[in-house]
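> Quick one: structure below, then a few questions.
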Amino acid sequence: MTTGQTSSAAPGSPIRIKSLAPSRGRPRRLGGFFRWAGFVFTLLALALLGLWAFGRIVSDRWTYSQYVAWIPSWLLILPALILIVLGIPARGRRSGGRPSRVFRGAHSLAALLGLAASLHLGFVELRLHRFLSASPGAGSPSLRIMHWNLVAPDAATASGAYTDVAAVLGPPPDVYFLTTAQSRATMEEWAATLTGYDLAYEPPFAIYSRFPILYAELLPMFMNRPGGPTEIDAPGAAPSSGSASPDAVDPALARPARNWLRRVWNRYGPSIGLPYRRFPQGEIGYVMPVTLDTTAVLGRPITVWFIDLPSDPFIFRWELARFAQARIAEFKTQTNPRTGTPLLPDADLILGDTNIPRGSASLGLITAAAGPGFEHAFDQAGRGLVATWPRAWPALHIDHAFVAPWLRAAGYWVGEPPVSDHLFQIIDIEKR
11 MTTGQTSSAA PGSPIRIKSL APSRGRPRRL GGFFRWAGFV FTLLALALLG
61 LWAFGRIVSD RWTYSQYVAW IPSWLLILPA LILIVLGIPA RGRRSGGRPS
111 RVFRGAHSLA ALLGLAASLH LGFVELRLHR FLSASPGAGS PSLRIMHWNL
161 VAPDAATASG AYTDVAAVLG PPPDVYFLTT AQSRATMEEW AATLTGYDLA
211 YEPPFAIYSR FPILYAELLP MFMNRPGGPT EIDAPGAAPS SGSASPDAVD
261 PALARPARNW LRRVWNRYGP SIGLPYRRFP QGEIGYVMPV TLDTTAVLGR
311 PITVWFIDLP SDPFIFRWEL ARFAQARIAE FKTQTNPRTG TPLLPDADLI
361 LGDTNIPRGS ASLGLITAAA GPGFEHAFDQ AGRGLVATWP RAWPALHIDH
411 AFVAPWLRAA GYWVGEPPVS DHLFQIIDIE KR
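My numbering puts the sequence shown at residues 11 to 442.
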């Protein structure tokens, strides 16, 4: 040591040399930011998956849970999977050297739920495994049925041939079930394009069948009667004392919401392909038993319950289905004074526009009214991302077909028509 230099180190102690390497504080701060961002993404994924699980489990059994249940599964699951990938940094190590148990546990839970939801979506809701097997209905189905709701402004005066509409999905149907607001003259114009078909027309239903129609009777459900689910209360009045359900949406809340929805829908909807529409109140609902002499192909006649239920988005679907179930039970005990036969014969097939998405718990109330063992035709033979409304952006599967245990659906498809806001459904039916 040269003269004039001093050292603060004690004799014999090691000399500490200050590192000249650049500080690593910034990378550590960035690592912490990404871990926290990953944790936030993970929580968002858990929130979406929790919302999906709530909708699938609770379904539409309560008033406001129905709006959660109506959200298409893919609209919740796909963003959740993306968020789970973005949340991977949450599993990184902290500055202390160990990963956070909370962060890592949350991400593991999200990943497991995401996997379970994806499997459910793929194999239960979309039936993707059927793409690996033979095409459903590849044999010779005994009976082909088309159902189509064409109650829409652009369909009011539409004319042409129903066979042309259905041709995109193969051979012409044996029976057409149509919900329509068209005039009888228009119906007969359409009928003129069909050779060998009988017509039963009871507005709002029309049936064209190449099998003899043995019985057809339109039965209004009158859901708008006092105490019914679509009863209209006077403006400013409290819900009627006879309201069918204490869970019904309060008219004082539904009325301004309906007006807002109508304004927004009709202002911006047409620009994305959605037609102008009303959001009607006081719809009454219908069921029409139609007995067809299908002995030649199925060994016996079949009775189809052709149904149409209210579309008001502010109506509690569980209560609506419960009311329909009760009315169907009433009809089954009554006798038709014209024919002396049961007013509502036992069903072999239930189809129509329920305005209730597939998978909803309330649909079980309707099929239970017909007896045990009814299955959705899509569950037996459908596959893929199937929805019937709205036509411009199909998101909800609200047009359905349920088959009795002695029958099976050999094929199920939906097709896009040139008019109306609903896609049509084609069902191939055969005897088990």
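Yeah, the Cβ is synthetic: ideal placement off N, Cα and C, and Gly gets one too.
Report yes if the C-beta distance between F289 and D318 is below 8 angstroms; otherwise report no.
Taking 8 angstroms as the Cβ cut-off, F289 and D318 do not qualify as a contacting pair.
> Apart from the five residues on each side of it in sequence, which residues of its chain come closer than 6 angstroms, Cβ to Cβ, to P197?
Per the sequence shown, the amino acid found at residue 197 is Met instead of Pro. Taken in chain order, the residues that qualify are Y211 and A216.
> So does the stretch 398-416 actually touch the stretch 278-288, counting three or more Cβ pairs closer than 8 angstroms?
Taking 8 angstroms as the limit for Cβ pairs, the verdict is that the stretch 278-288 does touch the stretch 398-416.
> Given P182, which residues of its chain have a CB within under 7 angstroms of its CB, disregarding the five upstream and five downstream residues?
Excluding residues within five positions, the ones whose Cβ falls inside 7 angstroms are T173 and A176.
> Excluding the 5 residues flanking N159 on each side, which residues of the same chain have their C-beta closer than 7 angstroms to its C-beta?
Correct list, in chain order: T189, D363, D409, S430 and H432.
> Among G295, W275 and S169, which has the Cα closest to the Cα of R327?
The shortest C-alpha separation from R327 is found at G295.
> Report yes if the CB atom of L466 is closer than 8 angstroms to the CB atom of A331, and no otherwise.
The requested residue 466 does not occur in the structure, where the chain is confined to residues 11 to 442.
> Could you check how far apart the C-beta atoms of L153 and T304 are, in whole angstroms? I think they sit under 8 angstroms.
The Cβ separation is near 6 angstroms, so the contact holds.
> Would you mind giving the Cβ-Cβ distance between A120 and L59, rounded to the nearest angstrom? I have them listed as a contact below 8 angstroms.
With 8 angstroms as the limit, A120 and L59 qualify as a contact, their Cβ atoms being about 7 angstroms apart.
> Under 8 angstroms: do the stretch 345-360 and the stretch 50-59 share three or more Cβ pairs, one atom per stretch?
Output reads no: the stretch 50-59 does not touch the stretch 345-360.
> So what does DSSP say about F221, is it helix, strand or coil?
If DSSP states are grouped into helix, strand and coil, F221 belongs with coil.
> Under the three-state reduction of DSSP, which class applies to W80: helix, strand or coil?
If DSSP states are grouped into helix, strand and coil, W80 belongs with coil.
> By the three-class DSSP mapping on this structure, what secondary structure does L359 have?
The answer is strand: DSSP assigns L359 an E or B state.
> I'd like to check one pair, L86 with W62: are the Cβ atoms closer than 8 angstroms?
In this structure, L86 lies closer than 8 angstroms to W62 by Cβ.
> Using the beta-carbon count (16 or more within 10 Å), is R268 buried or exposed?
With 16 or more other Cβ atoms within 10 Å, it is buried.
> Distance check for A202 and S143, CA to CA, integer angstroms please.
Approximately 40 angstroms, taken between the alpha carbons.
> My understanding is that W315 touches P299, with C-beta atoms under 8 angstroms, so please give their C-beta distance in whole angstroms.
About 6 angstroms; that satisfies the 8 angstroms criterion.
> Smallest Cα separation from R310: which of A100, W416 and S118?
Taking only the C-alpha atoms, the option nearest R310 is W416.
> Can you round the beta-carbon distance between V161 and P214 to whole angstroms, since I take them to be within the 8 angstroms contact cut?
Right, their Cβ atoms sit about 7 angstroms apart.
> Mind reading off the beta-carbon distance from A420 to A391? Whole number of angstroms is fine, and I expect it under 8 angstroms.
That belief holds up - the Cβ atoms of A420 and A391 are roughly 6 angstroms apart, short of 8 angstroms.
> Under the three-state reduction of DSSP, which class applies to G381: helix, strand or coil?
Coil at G381, not helix or strand.
> Kindly confirm or deny that the stretch 97-114 and the stretch 39-48 touch, where touching means at least three C-beta pairs closer than 8 angstroms.
Touching, yes, given that three or more Cβ pairs across the two stretches are closer than 8 angstroms.
> Can you grab the Cα-Cα spacing for the pair A378 / A334, in whole Å?
Cα-Cα distance, rounded: 11 angstroms.
> Leaving out the 5 sequence neighbours to the left and right, which residues in its chain are closer than 7 angstroms to F324 when beta-carbon positions are compared?
Answer for F324: V259, A264, A267 and R268, listed in chain order.
> Does DSSP put T196 in a helix, a strand or coil?
Reduced to three states, the DSSP call for T196 is helix.
> Here's the rule I'm using: 16 or more other beta-carbon atoms within 10 Å means buried, otherwise exposed. How should I67 be labelled?
It counts as exposed.
> Using beta-carbon positions only, say whether S118 and L91 come within less than 8 angstroms of one another.
No.
> Tell me the rounded alpha-carbon separation between S251 and A336.
For S251, the predicted structure reports a pLDDT of 36, less than 50, and the residue's modelled location is therefore unreliable. A value from the coordinates is still provided. Taking the straight line from one Cα to the other gives about 20 angstroms.
> Looking at the secondary structure, which residues open and close the alpha helix (DSSP H) in which D208 lies?
Looking at the DSSP string, D208 is not in any alpha helix (DSSP H); the run it does join, the beta strand (DSSP E), is D208 to E212.
> Going straight from the alpha carbon of T436 to that of V424, what length do you get?
The residue asked about is misnamed: residue 436 is Ile in this sequence, not Thr. The alpha-carbon atoms of I436 and V424 are separated by roughly 6 angstroms.
> Where in the stretch 151-206 do unbroken runs of the beta strand (DSSP E), each at least 3 residues long, occur, reported from the N-terminal end onward?
Entirely contained in the stretch 151-206, the beta strand (DSSP E) runs reaching 3 residues are, in chain order, 153-159 and 185-189.
> Please classify A387: is it buried, with 16 or more other beta-carbons within 10 angstroms of its beta-carbon, or exposed?
That one is buried.
> The beta strand (DSSP E) spanning I439 covers which residue range?
Looking at the DSSP string, the run of the beta strand (DSSP E) that includes I439 is F434 to K441.
> For the beta strand (DSSP E) containing F333, list its first residue and its last residue.
Element bounds for F333: not the beta strand (DSSP E) but the alpha helix (DSSP H), R327 to K342.
> Please classify P239: does DSSP put it in a helix, a strand, or coil?
Coil at P239, not helix or strand.
> Between R194 and the rest of its own chain, which residues show a CB-CB distance below 7 angstroms, the 5 nearest in sequence each way excluded?
Counting only Cβ-Cβ distances below 7 angstroms, and skipping sequence neighbours, we find Y211.
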